[in-house]
DNA sequence: TAACCATATTCCTGTTGCGGTATATGAAAA
DNA sequence: TTTTCATATACCGCAACAGGAATATGGTTA
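Protein chains in written order, with this note's numbering: chain A, 9 to 130; chain B, 9 to 130.
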């Protein structure tokens, strides 16, 4: 049942934040690290988890890997993404993530970070 | 984050079926056993899991325990229950459960089952 | 080529959770 | 009171998973 897969993916805090961030558009690993403030291993492993279960797709762009939600998510996933976005409005932690994401592009440009070409707002 | 709790509860097949059944109204343990066709321990333990996490409430009625969704589920839970009901329409296993639930009352009355007074349709 | 960068994978450890067997509880019936 | 019934809990073994440290990979730059 795909439903269970979806819930398995969303029952971890880091993965929930990742998926939520992706509802605002694609992101590369270094941006996840910056927004989530979590170590690279952790982010990378959760992305792999999500990838093998079809919740996200990845595309290589030079040195960077850009992750997005699947182009055509399917009915169940779409419903749950909408539900997540709805609920996220009242979750301070998730709002904060989105805020950090918005401020990301200039922040990264100024630092000696990756400076990758992934769009910062989808 | 209550969101994570909800997903933890729904990421197991048995628990997903339990919650889905409860969207159609309260049910006692023996009815769960009959509809899910799962052993008593399994059902009981998953109900306990859901109970400690606030996804269901229980009320004793004589020998029987009647489980229901919380009377005032809160915004996040409500949203996810609606989402579940929406998705369930395309899940054969969940549709089948509902069908068994509908046919439950006469079935139980005829057998030497519990015959408990829990309403079969909420 | 070598060095470097962003990311992925491997190995480890502790924790959680699932399923089953056996047993305990608590209310009702005999 | 003892039995019976519906349900809950304790204990066990097993598999999945989370997090961290170290290392591997696969592209890019020098």
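Note that CB positions come from ideal geometry on N, CA and C, so glycine has one too. Just so we're clear, the structure is a prediction, and the values are computed from it rather than from any experiment.
Looking at the DSSP output, residue 66 of chain A sits in a beta bridge with A/75. Of the candidates A/112, A/33 and A/48, the residue whose Cα lies closest to the Cα of residue 74 of chain A is A/33. With contacts defined by Cβ atoms closer than 8 Å, residue 27 of chain B and residue 55 of chain B do not form a contacting pair. With respect to the 8 Å criterion, residue 30 of chain A and residue 64 of chain A are classified as neighbours on the basis of their beta carbons. The CB of residue 94 of chain B comes closer than 8 Å to the CB of 87 in chain A, given here in chain order.
In the DSSP assignment, residue 87 of chain A falls within the alpha helix (DSSP H) that extends over 83–96.
When the alpha-carbon of residue 9 of chain A is set against those of A/94, A/45 and A/84, the nearest one is in A/84. DSSP links residue 36 of chain B through a beta bridge to B/74.
Residue 87 of chain A sits close to residue 91 of chain B, with the two beta carbons spaced by under 8 Å. With contacts defined by Cβ atoms closer than 8 Å, residue 109 of chain A and residue 43 of chain A form a contacting pair.
Assignment of residue 104 of chain A by DSSP, reduced to helix, strand and coil, places it in the helix class. By the Cβ neighbour-count rule, residue 98 of chain B is exposed, with fewer than 16 other Cβ atoms within 10 Å of its own.
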